[in-house]
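Written below as structure tokens is the structure these notes are about.
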């Protein structure tokens, strides 16, 4: 790794103390590197990303999702350093930066390639396409009553939901908004979509897990012009009129760096605070 980009969320590191600390630690491990810094993704795009061997992201999950969207089409991997709140997609905590960077430069990590999601819909100016790592969300406006959503899978009618909205997420995104809405946790390497209705009137409205090669079409039966669409929570797009939103597997993927000692289950325990006795966890980790 000779060319390293560092993208910092300035709201999480306003005085750039963590940025300086990371740069200092990188040079203490290897002097033979070129470091370029980016603040809040300014100047960062796919063409710029292709000049880099890795992008280290300082922030939380939102910063990683924002970075991923900015470099869409680039294969440059992302390594997340958590200076945010939850940081489920990040790999390095503040208290483990020095040993983590040493492991990184020794190539003691795993490169994971995560599937992404795409949504598209027609507008007066043509078809709009959006790609994300976590999810696509359709949601009613704040002043709106609940809406009726007709959902089709591979052009076959699945069900109608009277609900605030609908979430379709990747396996990676299953631990994000989907989980908050009562959806299941899905192992990140599975090629799956979760379709979760949000706060439906009906108790039987539950998540369905689908192959991510499926085509999901969501139709808003009575669109009052105050329905919003969001991809990875980065931007809320007002969809007016009667719009069919098609959701499929993206042609793009996202490479994330994971350290070998950070298993998915360890992350679940640490980030989602599963209720387990500390001694019991220690016993299994020692085994």
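Numbering (this note's numbering), first residue to last: 1 to 287. From the three backbone atoms N, C-alpha and C, an ideal C-beta is built for every residue, glycine too.
Next on the checklist: From the DSSP secondary-structure annotation, give me the bridge partner or partners of residue 8.
Outcome noted: For the purposes of this step, residue 8 is taken as residue 8 along the chain shown, with counting starting at 1. Partner(s): 39, 58.
Next on the checklist: Check this for me: beta carbons of residue 131 and residue 250, under 7 Å apart or not?
Outcome noted: What you label residue 131 is simply residue 131 of the chain shown in a count that begins at 1. What you label residue 250 is simply residue 250 of the chain shown in a count that begins at 1. Yes.
Checklist entry - Expressed to the nearest angstrom, what Euclidean distance is found between the alpha-carbon atoms of residue 120 and residue 13? => result The residue labelled residue 120 in the question sits at position 120 within the chain shown. The residue labelled residue 13 in the question sits at position 13 within the chain shown. One C-alpha to the other measures close to 35 Å.
Item to check | Member of 183, 9, 209, 200 whose CA lies at the smallest distance from the CA of residue 193 | outcome: As a first step, residue 193 is located in the chain shown; it is residue number 193 there, counting from the start. Nearest of 183, 9, 209, 200 to residue 193, Cα basis: 209.
Next on the checklist: Here's a check: name, in chain order, each residue in its chain whose Cβ is nearer than 6 Å to the Cβ of residue 205, leaving out the five neighbours to either side.
Outcome noted: For the purposes of this step, residue 205 is identified with residue 205 of the chain shown, where counting begins at 1. Here residue 205 has 161, 197 as same chain residues with Cβ atoms under 6 Å from its own Cβ, once five neighbours each way along the sequence are excluded.
Checklist entry - Any idea which residues DSSP pairs residue 248 with across the strands? => result In the chain shown, residue 248 corresponds to position 248, counting from 1. Answer is 118, bridged to residue 248.
Checklist entry - Rounded to whole angstroms, how far is the Cβ of residue 114 from the Cβ of residue 184, which I believe are closer than 8 Å? => result Within the chain shown, the letter at position 114 stands for residue 114. Within the chain shown, the letter at position 184 stands for residue 184. Not quite, the Cβ-Cβ distance comes to about 18 Å (not below 8 Å), so this is no contact.
Checklist entry - If you pair each beta-carbon of the segment 40-49 with each one of the segment 67-78, do three or more pairs fall below 8 Å? => result In short, these stretches touch, since the Cβ pair count reaches three.
Checklist entry - Three-state secondary structure (DSSP) at residue 2? => result Position 2 of the chain shown, counted from the first residue, corresponds to residue 2. Correct three-state label for residue 2: coil.
Item to check | Residues near residue 186 in its chain [Cβ-Cβ closer than 8 Å; skip 5 each side] | outcome: Your numbering for residue 186 matches position 186 in the chain shown. Within the same chain, 171, 174, 192, 194, 209 come within 8 Å of residue 186 by CB-CB distance, once the 5 residues on both sides are set aside.
Checklist entry - CB-CB under 7 Å to residue 260, same chain, minus the five flanking residues each way: which ones, in chain order? => result Against the chain shown, residue 260 aligns to sequence position 260. Excluding residues within five positions, the ones whose Cβ falls inside 7 Å are 108, 109, 110.
Checklist entry - How close, in whole Å, do the beta carbons of residue 86 and residue 60 come, if the pair is a contact with beta carbons under 8 Å? => result Taking the chain shown and counting its residues from 1, one reaches residue 86 at position 86. Taking the chain shown and counting its residues from 1, one reaches residue 60 at position 60. Right, their Cβ atoms sit about 7 Å apart.
Checklist entry - From this set, 203, 25, 169, which residue's C-alpha is nearest residue 96's C-alpha? => result Mapped onto the chain shown, residue 96 falls at position 96. When each option's Cα is compared against that of residue 96, the closest is 25.
Item to check | Three-state class that DSSP yields for residue 147 in the structure shown | outcome: For the purposes of this step, residue 147 is identified with residue 147 of the chain shown, where counting begins at 1. If DSSP states are grouped into helix, strand and coil, residue 147 belongs with the strands.
Checklist entry - When we look at the beta-carbon of residue 200 and count the other beta-carbons within 10 Å, is it buried (16 or more) or exposed? => result Indexing the chain shown from 1 puts residue 200 at position 200. Per the 10 Å Cβ criterion, buried.
Item to check | Rounded separation between residue 157 and residue 151 - CA only | outcome: Position 157 of the chain shown holds residue 157. Position 151 of the chain shown holds residue 151. If you draw a straight line from the Cα of residue 157 to the Cα of residue 151, it comes to about 6 Å.
Item to check | Cβ neighbour criterion (16 or more within 10 Å) applied to residue 15 | outcome: Position 15 of the chain shown, counting from 1, holds the residue named residue 15. The residue in question, residue 15, is exposed, as its Cβ has fewer than 16 Cβ neighbours within 10 Å.
Next on the checklist: Going by DSSP, what residue range makes up the alpha helix (DSSP H) through residue 265?
Outcome noted: Against the chain shown, residue 265 aligns to sequence position 265. 264-272 is the extent of the alpha helix (DSSP H) around residue 265.
Checklist entry - residue 129: which of 212, 30, 237 sits nearest, CA to CA? => result Taking the first residue of the chain shown as position 1, residue 129 is located at position 129. Of the listed residues, the one whose Cα sits closest to residue 129 is 237.
Item to check | Per DSSP, cross-strand counterpart(s) of residue 163 | outcome: Locating residue 163 in the chain shown gives position 163, where the first residue counts as 1. 147, per the DSSP bridge assignment.
Next on the checklist: Once the 5 residues before and after residue 246 are set aside, which same chain residues still bring their CB inside 6 Å of it?
Outcome noted: Working through the chain shown from its first residue, we reach residue 246 at position 246. When the five nearest sequence neighbours on each side are left out, the beta carbons in the same chain lying within less than 6 Å of the beta carbon of residue 246 are those of 120, 217, in order along the chain.
Next on the checklist: Can you give me the C-alpha to C-alpha distance between residue 180 and residue 20, rounded to a whole angstrom?
Outcome noted: Along the chain shown, read from residue 1 onward, the residue named residue 180 stands at position 180. Along the chain shown, read from residue 1 onward, the residue named residue 20 stands at position 20. When rounded, the distance between both Cα atoms is 35 Å.
Checklist entry - Can you tell which of 80, 93, 154, 267 has the C-alpha that lies nearest to the C-alpha of residue 211? => result The residue you call residue 211 lines up with position 211 of the chain shown. Checked all of 80, 93, 154, 267; the closest Cα to residue 211 is 154.
Checklist entry - To the nearest angstrom, how far is it from the Cα of residue 366 to the Cα of residue 78? => result In the structure as shown, the chain starts at 1 and stops at 287, and residue 366 therefore has no counterpart that could be examined.
Next on the checklist: Give me the residue from 89, 243, 69 with the minimum Cα distance to residue 126.
Outcome noted: For this step, residue 126 is matched to residue 126 along the chain shown. Looking from the CA of residue 126, the closest CA among 89, 243, 69 belongs to 243.
Checklist entry - What are the complete beta strand (DSSP E) segments, minimum 3 residues, inside the segment 180-206? => result Here the runs fully enclosed are 192-198.
Checklist entry - How would you call residue 147, buried or exposed, if buried means at least 16 neighbouring beta carbons within 10 angstroms? => result If you number the chain shown from 1, residue 147 lands on position 147. That one is buried.
Checklist entry - Do you know how far the Cα of residue 255 is from the Cα of residue 17? => result Counting from one through the chain shown, the residue named residue 17 turns up at place 17. Counting from one through the chain shown, the residue named residue 255 turns up at place 255. Between the alpha carbons of residue 17 and residue 255 lies a gap of roughly 27 Å.
Checklist entry - Which one of 178, 5, 140, 124 has the shortest CA to CA distance from residue 37? => result Numbered from its first residue, the chain shown carries residue 37 at position 37. Distances from the CA of residue 37 to each of 178, 5, 140, 124 were compared; the closest alpha carbon is that of 5.
Item to check | As assigned by DSSP and simplified to three states, the class of residue 44 | outcome: Translated into the one-based positions of the chain shown, residue 44 becomes position 44. Coil.
Checklist entry - Less than 7 Å separating the beta-carbons of residue 117 and residue 94? => result For the purposes of this step, residue 117 is taken as residue 117 along the chain shown, with counting starting at 1. For the purposes of this step, residue 94 is taken as residue 94 along the chain shown, with counting starting at 1. For residue 117 and residue 94, no; Cβs fall outside 7 Å.
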